[in-house]
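**Student:** Going by the numbering used here, the first residue of the sequence shown is number 161, and it counts up by one from there.
All C-beta atoms, glycine included, are put in the ideal place defined by N, C-alpha and C.
Predicted model, so just to flag it, every value in this text is computed and none were measured.
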Amino acid sequence: MPTGRTTDIRTYKGQSTARSRAHGHGQRRRLRAGRIGTPGLLVSVVAASAPLMSTAGVMPATYGTMGVTAQPLLFAGLGLVLLLFTTGYAEMSRHVHNAGAFYAYIARGLGGTAGAAASVVALVSYSALQFAIYGIFGYELSGLLGQHLGATVPWWLPALGAVAAVGALGWLKIDLSARLLGVLLLAECAMLLAFVVAGTGSPGPDGLSFQALSPAGLHSTALGAALGLTMASFVGFEQAAVYAEETSRPHVTVARVTLLAVTFVGCFLALACWAVSVAAGPSRVVAAARDLGPGLLFTLAEDRLGTGFTTALHVFYLTGMFAALLSFHNVVARYAFAMGREGLLPAAVSRTSRTSGAPAHGSLLQSAVSLAAVAVFALTDDRPGGDPTTPVQRLFAWMGAIGALGVILLMAATAAAVIAFFVRRGAARALAPRLAATAVAGTALLAVAVRTVGDFPALLDDDPVPGLRWALPGAIGAAVAAGLVHGLLLKARRPEVHARIGLGNEAFQLDQLDQLDRLDRLERNG
């Protein structure tokens, strides 16, 4: 039989092992701090906006399908709304550091159940945006391979290759991803600036015109759809808060990057949009966009800068989309990590990589879901008697519309949550100007969401699928309902988990303290 001292030693060793496990488990459920600074974070955030994809894809659609000729005013106006939104959002980032960002802010301001609903909407919205880009990326790359190499490659093959490449980079640390994103983004912006100089220096038949800045050009029965598309071009600036736990000074870095990102995206895209209008001619840009679609930018560039430049522009169009894919992947992986850490998803999702500190299991989950999404649309390709491009066109249009609507609603809810958060803390008077600006932005964002839903048929280009006009926005409604039910069930059955929603590391630190306190009591009681 063991002696009393041997028993004491074994007990001590068991308690030490328990402490070590508690500490180690905590480390595996934390994102590594200080891994990304202001430049890297700014690049990661702006890359999600994909300036070249917005110029080649969003702008021709708004010109051709919606007939809105004053697009630069849309970018400027929505940029101003988002700057107003950022005043409160940035202030909130100084107090809440959570990879769950939107849903964490909503939970802290409007309660855990609302936060649970927001978490599901965020997963659905950002995933949908990533799926949309996979579709158009695969389609564009297969077209380039056919044009330059004579190879017949189905769109889904390069799309699946992108899923694998993005998944591999998502597993690695953010520093590598940020460097890659930085190179791609700088090249993309340089190409666009070259087009701006060429397009305005050699204008179309109407000369150097400022007609695109006339409010009369906003008149359109599909203005809501145009607003929704334009807002999709801004998606990405709000992601700075997702990386808060991985910066060395989140209370400073997140606010700074958010303001810089929304200012840059608004100004840069408004400039590029005006250059497209000048190069095509304000009186002809709508007809040209209808005829050429995404080819509008490339045709205008080739006329002024030659075939070599246009080929390079196509390449950077692809790399810009890849950068956006990587950025969205990293964001969704971190949302999944935060949800797993707080009990909204299985705890296994919250584990990080031992080597890089990245949310490895969240990254794997997102890669698997992306693979499934591409596979579903690929299986509908090459249908007998059908248009083989239809699946990818639908993948891009359907998922893009869902994602944009979801993010707009998340922003509107976050605006309300920010106001509620500071009012409850007794800071309403001190922050009155910022909260007033946030209220104005939230109201405007809600109005944009309502108009977008009303104009969904224009976003879908009159797709003949029955019920699609309501089914797609209904997907966001279903996500809200599922999240609310999940939150209410947690509140009823696991109130301790519900109470932690939105707390992030704060909640887990409390859990660790409870564990260590129990071990201390065990030691004292012998």
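Under DSSP, the alpha helix (DSSP H) around ARG464 begins and ends at which residues?
**Tutor:** Position 304 of the sequence shown, counting from 1, holds the residue named residue 464. Run containing ARG464: 455-501, per the alpha helix (DSSP H) assignment.
**Student:** Within 10 Å of its beta-carbon, does THR177 have 16 or more other beta-carbons around it, so buried, or fewer, so exposed?
**Tutor:** For this step, residue 177 is matched to residue 17 along the sequence shown. Any reading at THR177 must be qualified, since the residue scores a pLDDT of 45, below 50, and its modelled position is unreliable; the value itself is stated next. With fewer than 16 other Cβ atoms within 10 Å, it is exposed.
**Student:** If you compare alpha carbons, which of ALA358, LEU289 and LEU649 is closest to PHE458?
**Tutor:** Along the sequence shown, one-based indexing puts residue 458 at 298. Checked all of ALA358, LEU289 and LEU649; the closest Cα to PHE458 is ALA358.
**Student:** With 16 other CB atoms within 10 Å as the buried threshold, where does HIS257 fall?
**Tutor:** For the purposes of this step, residue 257 is taken as the residue at position 97 of the sequence shown. Looking at its Cβ environment, which holds 16 or more other Cβ atoms inside 10 Å, HIS257 is buried.
**Student:** Which residues in the same chain as ILE293 place their Cβ atom closer than 6 Å to its Cβ, once the five residues preceding and following it in sequence are excluded?
**Tutor:** In the sequence shown, the residue the question calls residue 293 occupies position 133. Excluding residues within five positions, the ones whose Cβ falls inside 6 Å are MET481, ALA484 and LEU485.
**Student:** Assuming ALA382 and MET226 form a contact by the criterion Cβ under 8 Å, report the distance between their Cβ atoms to the nearest whole angstrom.
**Tutor:** Start at 1 with the first residue of the sequence shown, and residue 382 comes out as number 222. Start at 1 with the first residue of the sequence shown, and residue 226 comes out as number 66. Confirmed, about 4 Å.
**Student:** Can you tell me which of THR598, LEU649 and ALA435 puts its alpha carbon nearest to the alpha carbon of ALA216?
**Tutor:** Residue mapping note: residue 216 aligns to position 56 of the sequence shown, counting from 1. Minimum Cα distance to ALA216 is reached at ALA435.
**Student:** For the alpha helix (DSSP H) holding PRO232, just list the boundary residues, first then last.
**Tutor:** Locating residue 232 in the sequence shown gives position 72, where the first residue counts as 1. It spans 231-253 - the alpha helix (DSSP H) in which PRO232 sits, taken as one unbroken run.
**Student:** Kindly indicate which three-state DSSP category HIS379 falls into: helix, strand or coil?
**Tutor:** Here residue 379 refers to the residue found at position 219 of the sequence shown. HIS379 falls in the coil class under three-state DSSP.
**Student:** For PHE370, does the three-state DSSP call read helix, strand or coil?
**Tutor:** Here the question's residue 370 lines up with position 210 in the sequence shown. It is coil, neither helix nor strand.
**Student:** Between which residues of its own chain and PRO232 is the CB-CB distance below 7 Å, once the five residues before and five after are set aside?
**Tutor:** Here residue 232 is taken as the residue at index 72 of the sequence shown, counted from 1. Cβ neighbours of PRO232 beyond the five flanking positions: ALA372, LEU373, ALA430, CYS433 and TRP434.
**Student:** If you run the structure through DSSP and keep just helix, strand and coil, what is GLY359?
**Tutor:** Here residue 359 refers to the residue found at position 199 when the sequence shown is read from its first residue. Here GLY359 sits in helix by DSSP.
**Student:** Should GLU656 go down as buried or exposed, given a rule of 16 or more other Cβ atoms within 10 Å for buried?
**Tutor:** The residue given as residue 656 occupies position 496 in the sequence shown. Answer is exposed; the Cβ neighbour count stays below 16.
**Student:** Looking only at C-alpha atoms, which of GLU300, ARG611 and ALA498 sits nearest to THR312?
**Tutor:** The residue given as residue 312 occupies position 152 in the sequence shown. Out of GLU300, ARG611 and ALA498, GLU300 has the C-alpha closest to the C-alpha of THR312.
**Student:** Whose C-beta lies closer than 7 Å to the C-beta of ALA208 among residues of the same chain, with five residues either side of it excluded?
**Tutor:** Stepping through the sequence shown from its first residue, residue 208 is reached at position 48. So the qualifying residues of the chain are VAL395, GLY396, GLN399, ALA484, SER487 and PHE488.
**Student:** Does the beta-carbon distance from ALA609 to LEU565 come in below 8 Å?
**Tutor:** Indexing the sequence shown from 1 puts residue 609 at position 449. Indexing the sequence shown from 1 puts residue 565 at position 405. Contact flag set, yes.
**Student:** Is DSSP giving ARG554 helix, strand or coil here?
**Tutor:** In the sequence shown, the residue the question calls residue 554 occupies position 394. Here ARG554 sits in helix by DSSP.
**Student:** Could you compute how far the alpha carbon of GLU405 sits from the alpha carbon of ALA264?
**Tutor:** Along the sequence shown, read from residue 1 onward, the residue named residue 405 stands at position 245. Along the sequence shown, read from residue 1 onward, the residue named residue 264 stands at position 104. Approximately 13 Å, taken between the alpha carbons.
**Student:** Are the beta-carbon atoms of ALA449 and PRO617 separated by less than 8 Å?
**Tutor:** Walking along the sequence shown from the start, residue 449 turns up at place 289. Walking along the sequence shown from the start, residue 617 turns up at place 457. Their beta carbons are not under 8 Å apart, which means ALA449 does not touch PRO617 by this criterion.
**Student:** Do the stretch 531-539 and the stretch 264-279 meet, that is, are 3 or more Cβ pairs less than 8 Å apart?
**Tutor:** The stretch 531-539 is not in contact with the stretch 264-279.
**Student:** Would you kindly work out how many angstroms separate the C-alpha atoms of LEU368 and LEU244, rounded to a whole number?
**Tutor:** The sequence position of residue 368 within the sequence shown is 208, counting from 1. The sequence position of residue 244 within the sequence shown is 84, counting from 1. Taking the straight line from one Cα to the other gives about 32 Å.
**Student:** Determine the burial state of GLY239: buried for a count of at least 16 other Cβ atoms within 10 Å of its Cβ, exposed for fewer.
**Tutor:** The sequence position of residue 239 within the sequence shown is 79, counting from 1. GLY239 should be labelled buried.
**Student:** So is SER437 buried or exposed if we call it buried at 16+ other beta carbons inside 10 Å?
**Tutor:** By one-based count along the sequence shown, residue 437 stands at place 277. Counting Cβ neighbours within 10 Å, SER437 comes out buried, since at least 16 surround it.
**Student:** Is MET559 helix, strand or coil by DSSP?
**Tutor:** Counted from its first residue, the sequence shown places residue 559 at position 399. MET559 falls in the helix class under three-state DSSP.
**Student:** Counting Cβ pairs, one atom from each stretch, are 3 or more of them under 8 Å apart for the stretch 351-366 and the stretch 460-470?
**Tutor:** Yes, the stretch 351-366 touches the stretch 460-470.
**Student:** Sorted by chain position, which residues of the same chain lie with C-beta nearer than 6 Å to ALA561's C-beta, five sequence neighbours on each side aside?
**Tutor:** Counted from its first residue, the sequence shown places residue 561 at position 401. These residues qualify, in order along the chain: LEU619 and LEU632.
**Student:** Where does the unbroken alpha helix (DSSP H) through MET219 begin, and where does it stop?
**Tutor:** Residue numbering aside, residue 219 sits at position 59 when the sequence shown is read from its first letter. Per DSSP, MET219 belongs to the alpha helix (DSSP H) from 219-224.
**Student:** Going by CA-CA distance only, name the one from LEU234, VAL326, GLY455 and ALA354 that's closest to LEU387.
**Tutor:** Counting from one through the sequence shown, the residue named residue 387 turns up at place 227. Ranking LEU234, VAL326, GLY455 and ALA354 by Cα distance to LEU387 puts LEU234 first.
**Student:** In the structure shown, what three-state DSSP assignment does GLY200 receive?
**Tutor:** As a position in the sequence shown, residue 200 is number 40, starting the count at 1. In this structure, GLY200 counts as helix in the three-state DSSP scheme.
**Student:** So LEU569 packs on PHE582, CB below 8 Å; how close in whole Å?
**Tutor:** Here the question's residue 569 lines up with position 409 in the sequence shown. Here the question's residue 582 lines up with position 422 in the sequence shown. Actually they are not in contact, since the Cβ atoms of LEU569 and PHE582 sit about 21 Å apart, beyond 8 Å.
**Student:** How should GLY546 be labelled, buried or exposed, when 16 other C-beta atoms within 10 angstroms of its C-beta is the threshold for buried?
**Tutor:** As a position in the sequence shown, residue 546 is number 386, starting the count at 1. Because GLY546 sits at a pLDDT of 45, beneath the cut-off of 50, its placement in the model cannot be relied upon, and the point is left open.
**Student:** So, under 8 Å CB-CB, SER287 and VAL492 are touching, yes? Tell me the CB distance rounded to an integer number of Å.
**Tutor:** On the sequence shown, position 127 is the one that residue 287 refers to. On the sequence shown, position 332 is the one that residue 492 refers to. That pair is a contact at about 6 Å.
**Student:** Output yes or no for whether 8 Å exceeds the beta carbon distance between SER279 and GLY643.
**Tutor:** Indexing the sequence shown from 1 puts residue 279 at position 119. Indexing the sequence shown from 1 puts residue 643 at position 483. Yes; because the gap between Cβ atoms is below 8 Å, this pair is in contact.
**Student:** Please name the residue, chosen from LEU201, ARG501, GLY310 and ALA385, that lies closest to GLY342 on a Cα-to-Cα basis.
**Tutor:** Here residue 342 corresponds to residue number 182 of the sequence shown, with the count starting at 1. Closest by alpha carbon: LEU201.
**Student:** Roughly how many angstroms lie between the CA atoms of ASP615 and LEU456, to the nearest whole one?
**Tutor:** Position 455 of the sequence shown holds residue 615. Position 296 of the sequence shown holds residue 456. When rounded, the distance between both Cα atoms is 24 Å.
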